[in-house]
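S.K.: Please see the structure below; I have some questions.
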Amino acid sequence: MMKLILLLLLCYTLKISFAMTFHLQFKVVKLRSNSTPVAMETLRGRDSMNCATLCALRPTCFGFSWLQGLCRLFDWLAFSSTDGWQVSESCDVYTRIVDSQTRLRFGSCSQSSTTTPGVCGLAIDGNRNQAENNPFEWWEGQLAAPSFVSYVTIYNRQDCCRRRLNKFSLQVDGVKCNR
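Take 2 as the starting number for the sequence shown in this note's numbering and just add one per residue.
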């Protein structure tokens, strides 16, 4: 049976009083594991729910383990790396449940050139637009919040101009993912 933790957080700031509500789910990926991902941060924690809250408040935290009052938070790289695990006393290892259907919002964008009135925001509005027909054109977008990116779907134009999107590379955080 899979153990899940559903987390509902209310965050407040001192300057501006506002409530931000979000849901994060964690699942146990290893029950009573004798190894855990290398921790990026270790904090005191009362229980696994407290560890889930601490992990959820850190954008780079992908999961955690809880043992002897300590939350050991780890990132995606430590979890996915074969040499990123260490021997541990028996504990449960939790990871975020990533909703692969969530569309991430862009906070801003820029591009090398435009075809009137092709501003860069049109590339993320669901329509298909293009830049001028120059060599080495580029488009860049910054996500509105730190996010875990598991895959990217690019939709090309299906009307007159399919040939315009070819021979391109895709980078996420400066790492080339496709060419």
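Don't be surprised by glycine CBs; every beta carbon is placed ideally from N, CA and C. No experiment lies behind these values; they were computed from the predicted model shown.
(1) Taking the beta strand (DSSP E) that L58 falls in, what are its first and last residues?
(2) Look at the Cβ atom of C110, then the Cβ atom of G142, and state whether they are nearer than 8 Å.
(3) Cutting at 6 Å between CB atoms, please list the residues of its own chain near L1, excluding the five before and the five after it.
(4) In terms of residue numbering, what span does the beta strand (DSSP E) encompassing L44 cover?
(5) Helix, strand or coil for C12? Go by DSSP, reduced to three states.
(6) DSSP puts Y95 in a beta bridge; with which residues?
(7) Within 10 angstroms of the Cβ of V29, are there 16 or more other Cβ atoms? Answer buried if so, exposed if not.
M.R.: By the coordinates alone:
(1) Counting from 1 along the sequence shown, the entry for residue 58 is found at position 57. Here L58 belongs to no beta strand (DSSP E), and DSSP marks it neither H nor E.
(2) On the sequence shown, position 109 is the one that residue 110 refers to. On the sequence shown, position 141 is the one that residue 142 refers to. Result yes, Cβ atoms of C110 and G142 sit closer than 8 Å.
(3) Residue 1 lies beyond the stretch modelled for the chain, which goes from 2 to 180, so this question has no answer here.
(4) Residue mapping note: residue 44 aligns to position 43 of the sequence shown, counting from 1. Element bounds for L44: E42 to R45.
(5) If you number the sequence shown from 1, residue 12 lands on position 11. Interpretation of C12 is limited by its pLDDT of 32, a score under 50 that renders its predicted location unreliable; no figure is taken from the coordinates.
(6) For the purposes of this step, residue 95 is identified with residue 94 of the sequence shown, where counting begins at 1. According to DSSP, Y95 bridges with V29 and F65.
(7) Along the sequence shown, one-based indexing puts residue 29 at 28. Buried, because 16 or more other Cβ atoms sit within 10 Å of the Cβ of V29.
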